[in-house]
Amino acid sequence: MGTSGERVIRASEIGQYAYCAHAWWLGSVEGVPSAHQEALTAGETVHRRHGAGVRGALWLKRLAYGLLLMAAVAGLLWFLGR
């Protein structure tokens, strides 16, 4: 709910409404479950896996920058110590 008690509409709901207003109304207003529950569950699984991959890639990127910084500092210390 919003701060004034209004219902918050998610971007995915806008997409669903744009695709089929009647299906959006049935699901969001009337509470009728989707007939494509298996496909929705599969989509959620794919999105979860993708999110985990993105988080892993960000972690590896940070690690690479950290190692690069450490190598630069070590190189600078070696150069100054010669």
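Read in order, the letters of the sequence shown correspond to residues 921 to 1002 in the numbering used here. Yeah, the Cβ is synthetic: ideal placement off N, Cα and C, and Gly gets one too.
| Item | Value |
| --- | --- |
| Run of the alpha helix (DSSP H) containing VAL952, from where it starts to where it stops | Taken as a continuous stretch (DSSP letters only), VAL952 belongs to no alpha helix (DSSP H), as it is neither H nor E. |
| Distance between GLU964 and GLN957 (C-alpha atoms, nearest Å) | 10 Å |
| Inter-residue Cα distance where the pair is LEU990 and GLY1001 | Checking the sequence shown, residue 990 turns out to be Met, not Leu. Their Cα atoms are separated by approximately 16 Å. |
| Alpha carbon of GLY947 to alpha carbon of HIS967, nearest angstrom | 21 Å |
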